[in-house]
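Chains U and Y are the protein sequences, given in the same order. All residue numbers for the first sequence refer to my numbering, where the first residue is 92 and numbers rise by one. All residue numbers for the second sequence refer to my numbering, where the first residue is 90 and numbers rise by one. C-beta atoms are modelled at their ideal positions from N, C-alpha and C, and glycine is treated no differently.
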Amino acid sequence: MLSVIYALLFWVATIIMVVGVALRIRKYARTPAPLKIPTTPAPVTTGGVVMRMAREVILFESLFKSNKWIWLFGWTFHMGMWLVLIRHLRYFTTDVWWWVAVAQPFGTYAGFAMLLGLLGLWARRFLVERIRYITNPSDHLMLALLVAIAGSGLMMRFVVHTDIVAVKVFMLGLLRLRIETLPSDPILLLHLGCVAALMIVFPISKLLHAPGVFFSPTRNQVDNPREQRHLAPWAAKLEG
Amino acid sequence: MADGDDLPKMEHPLEIPRLKCGAMEGLQPFVAAPEHQDKLGFPGELLPDWKERALEKMAELAEKNRAFQVYLDACVKCGACTDKCHYFLGTGDPKNMPVARQDLLRSVYRRYFTFAGKYFPKLVGARDLTEEVLDEWYSYYHQCSECRRCSVFCPYGIDTAEITMAAREIMDSVGRGQKYSNEIIGKVKDIGNNLGLNPKALRATLEDLEEDIEDDTGISVRLPLDEKGADILLVTPSADFFAEPHIDGLIGYAKVFHEAGVSWTLSSYASEAANFGLFIGSYENMREIALRIRKAAQELGVKRIIFGECGHAWRVAYSFLNTLAGPWDFLDPNYPVPQHILEFTWGEIQKGTLKLDKSRNDHIRLTYHDSCNVARASRMGDEPGGQFEIPRNVIRAVCNHYYDMPDETIREATLCCGGGGGLLTDDLMDLRKKGASPRMTALQQTTEEHGVTHMAAICAICKTQFSKVMPAYGYEMDSVVSVHQLVSNAIILTGQEADEG
Chain U
92 MLSVIYALLF WVATIIMVVG VALRIRKYAR TPAPLKIPTT PAPVTTGGVV MRMAREVILF
152 ESLFKSNKWI WLFGWTFHMG MWLVLIRHLR YFTTDVWWWV AVAQPFGTYA GFAMLLGLLG
212 LWARRFLVER IRYITNPSDH LMLALLVAIA GSGLMMRFVV HTDIVAVKVF MLGLLRLRIE
272 TLPSDPILLL HLGCVAALMI VFPISKLLHA PGVFFSPTRN QVDNPREQRH LAPWAAKLEG
Chain Y
90 MADGDDLPKM EHPLEIPRLK CGAMEGLQPF VAAPEHQDKL GFPGELLPDW KERALEKMAE
150 LAEKNRAFQV YLDACVKCGA CTDKCHYFLG TGDPKNMPVA RQDLLRSVYR RYFTFAGKYF
210 PKLVGARDLT EEVLDEWYSY YHQCSECRRC SVFCPYGIDT AEITMAAREI MDSVGRGQKY
270 SNEIIGKVKD IGNNLGLNPK ALRATLEDLE EDIEDDTGIS VRLPLDEKGA DILLVTPSAD
330 FFAEPHIDGL IGYAKVFHEA GVSWTLSSYA SEAANFGLFI GSYENMREIA LRIRKAAQEL
390 GVKRIIFGEC GHAWRVAYSF LNTLAGPWDF LDPNYPVPQH ILEFTWGEIQ KGTLKLDKSR
450 NDHIRLTYHD SCNVARASRM GDEPGGQFEI PRNVIRAVCN HYYDMPDETI REATLCCGGG
510 GGLLTDDLMD LRKKGASPRM TALQQTTEEH GVTHMAAICA ICKTQFSKVM PAYGYEMDSV
570 VSVHQLVSNA IILTGQEADE G
């Protein structure tokens, strides 16, 4: 019964996340940017813009300029999360890819980096007057969700092990649209439940910052307005 | 009105104040009268169904402007921008923190256009659009100078200026416009410039200036108006025709053109570089104003267009003119369209056509204020960052004593003068004085360290704002100077006695 509930939950969550984010991306892509508004100094070539965007999403360049504490916690959390995600790919492939195997030892400890980053960010929401002011309940909830995911994951890795082989069988089954038996450890169920919740809220929450940054005109536009005329379709109609 | 007593005492320019909730709540600029609104195609008074119309407009903007849509969605409330706005630093009002300013509108967007806001409004800070909300919008979206400093520091590049412009456009569309900006746009449409200076008065002003230059130097330097067949059309903010220190800058342009031996002209039809359509976020109004320049260029048959010293005007010119009023295929393809006067002057200095005596500026110990729109929304020259280097290059070529202000307050991190974005009006003087405090504190530090006496700027708004607020910070009102005023001081015109002046 539990296995059925979790299988359905993950299928539904996956569909909501994939379709929801795809629709959002389609909306961003189809909405025109009527004017050239890169924050300057900006790159003057497309290659330069790719580099700027890469620095932004890999190094968090603007955040680094802004505030070293937020950068430290935010960057630690995100990079930790990527390593953890890569490590988790082993539960979705029958034969573990070599690069996933390479990431394994790093991914294990990256869980701690992820958790520390999250706790740092959360602490700021209480301790810094300005950030307390701009925080909504949903911001706390999002952090709680992520902390629960990271915490329960670390628990299973270092304290109370679950039957990870059975979990892998369950996950591989989901990919083949089959329902296998999921171990019923509470920590595992908490871990997976929170992950599914996160997937479901992705397209309707601030997690949209992930696809959004790539569509941000101040970051993704080339600084060449004198050389190349930029005209939105609706603005072209004004010219009649 | 602030008498200067409650100006913040800052230890350093970026000192973060304690939150003072509601400190600036009551400050609103005058509302536009029906006749100001009509000319721009906006309803004269607040419509009875303003709420529905506002929401319709919001939906329309989300479809027409990617920045608006993405920026409403992407913010994670990380707090990176919270201490970046000069109005927050100067007033301590938390609603002047960029993210909080955006949230005034984002909360409404969420309530009506997102799943979470429709069903869990409390959870995500969503709220209904009410008269109180509209009032709050009117206050705080007129306490943003659209300077984009926050956008430099946001990890997603969220530009509060885009949200402010959208909010102002929504308010205009329901009949709650701002008098200052909208009245001025009307004047440009009627007469051709923000001041309402008609061609006859403009010609007389220019003739007076020609006489002044001749009295001063013994050389006849022309300031031509509406001369067909001239090579260059100069478009400059109309403040250059009458205000101090702007007018000394205009004299500088004329001297540079004279020495360069080029033919140039001003246009009475396009006698305004400023384009307040930007401030109110109205593409249509911005376009209409920009098209005046196209028409003037075609009628006068010029080959090039050069813009005088003006910050937001250079943004509209550099970044938008091609979009709004291009293509410019009828102009000489050997020159960028448009060019900045500093690009021209720096070119002439490099060519060696100008005879300059730097010692004529020795009574001045100078620093330079990067104007926000030039710094963060445009470029000069071929290289990114040319907008920082070219003005400094020119200044160093005409001035012996030059010192930068602290690094975190210049170039891309420059602080707004406090009067940009449609806020240069007396009804907002309290805000203007407080908003200037980070910049003024940076200047005071530079004065203590290097004995700096003057600050140069290349923006008509910055110049007016500083000459008004600098006395509150212990400087003379003529401590702000035009860059081309310094050029004008240093130039020795051909035929002029070298030891004169």
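Assignment of Y:TRP417 by DSSP, reduced to helix, strand and coil, places it in the coil class. In the displayed model, Y:TYR372 falls within a helix according to three-state DSSP.
The CB of U:GLY165 comes closer than 8 angstroms to the CB of CYS167 and PRO244 in chain Y, given here in chain order. At the C-beta level, U:LEU273 and U:PHE261 come within 7 angstroms of one another. Annotation: the continuous beta strand (DSSP E) that includes Y:LEU323 extends over 321–324. At a cut-off of 3 residues, not a single continuous stretch assigned as beta strand (DSSP E) sits fully inside the stretch 149–235 of chain Y.
Rounded to the nearest angstrom, the gap between the Cα atoms of U:ARG146 and Y:LEU129 is 42 angstroms. Remark: fewer than three beta-carbon pairs, one from each stretch, lie closer than 8 angstroms, so the stretch 382–389 of chain Y and the stretch 527–542 of chain Y are not flagged as touching. Spatial neighbours of Y:LYS173 in its own chain (CB-CB distance under 7 angstroms, excluding positions within 5 residues in sequence) are listed in chain order as PRO187, ARG238, CYS239 and PHE242. With its beta carbon at least 7 angstroms from every one in chain Y, U:HIS169 lies outside the interface.
The Cβ atoms of Y:ALA121 and Y:GLY266 lie closer than 7 angstroms to each other. What Y:ALA561 touches in chain U, judged by beta-carbon distance under 8 angstroms, is nothing: the nearest beta carbon there is about 27 angstroms away. Distance from the CA atom of Y:VAL487 to the CA atom of U:PRO316, rounded to whole angstroms, is 31 angstroms. Look at U:ASN227: its C-beta is under 7 angstroms from a C-beta on chain Y.
Just so you know, the alpha carbons of U:LEU266 and U:TRP189 end up roughly 21 angstroms apart. Within the same chain, and ignoring the five residues on either side of U:GLY264 in sequence, the residues whose Cβ sits closer than 8 angstroms to its Cβ are ALA98, ILE270 and GLU271. Interface with chain Y (7 angstroms Cβ-Cβ cutoff): U:GLU271 is excluded. Annotation for U:LEU207: THR167 place their beta carbon closer than 7 angstroms to its own, counting only its chain and skipping 5 residues before and after.
Close CB contacts of Y:LEU223 within its chain, under the 7 angstroms cut and outside five residues either way in sequence, are with ARG265 (chain order). Among the residues of the stretch 106–130 of chain U, those with a Cβ less than 8 angstroms away from any Cβ of chain Y are ARG115, LYS118, TYR119, THR122, PRO123, ALA124, PRO125, LEU126, LYS127, ILE128 and THR130, in the order of the chain. Chain order gives no chain Y residues near U:ARG146, where near means a beta carbon separation below 9 angstroms; the closest approach is about 11 angstroms.
Not flagged as an interface residue toward chain U: Y:GLN387, since no C-beta distance is shorter than 7 angstroms. Taking 7 angstroms as the threshold, the shortest C-beta distance from Y:LYS184 to chain U does not fall below it.
Within its own chain, the residues whose Cβ lies closer than 7 angstroms to the Cβ of Y:TRP353, once the five positions on either side in sequence are excluded, are PRO313, ALA319, ASP320, ILE321, LEU323 and PHE346, listed in chain order.
By the neighbour-count definition (other C-beta atoms within 10 Å, threshold 16), U:THR131 is a buried residue.
When rounded, the separation of the alpha-carbon atoms in Y:ASP329 and Y:CYS461 is 19 angstroms. Against chain Y, the CB of U:PRO316 has a partner CB under 7 angstroms away; the residue lies at that interface. According to DSSP, residue pairing for Y:ALA546 in a beta bridge involves Y:SER571.
Within the same chain, and ignoring the five residues on either side of Y:THR542 in sequence, the residues whose Cβ sits closer than 7 angstroms to its Cβ are ILE453, ARG454 and SER568. Interface criterion not met: the Cβ of U:LEU209 is under 7 angstroms from no Cβ in chain Y.
Between Y:GLY350 and chain U, the shortest Cβ-Cβ separation is not below 7 angstroms.
At least one C-beta of chain Y is nearer than 7 angstroms to the C-beta of U:THR309. Between Y:ALA156 and Y:GLU251, the C-beta gap is smaller than 7 angstroms, which places the two residues in contact. Within the DSSP bridge table, the entry for Y:TRP353 names Y:ILE321 as partners.
Within the stretch 119–155 of chain U, the complete alpha helix (DSSP H) runs of at least 4 residues fall at 137–145. Neighbours of U:LYS159 in chain Y, taken as residues at a C-beta separation under 8 angstroms, are lacking, since the least C-beta distance is about 11 angstroms.
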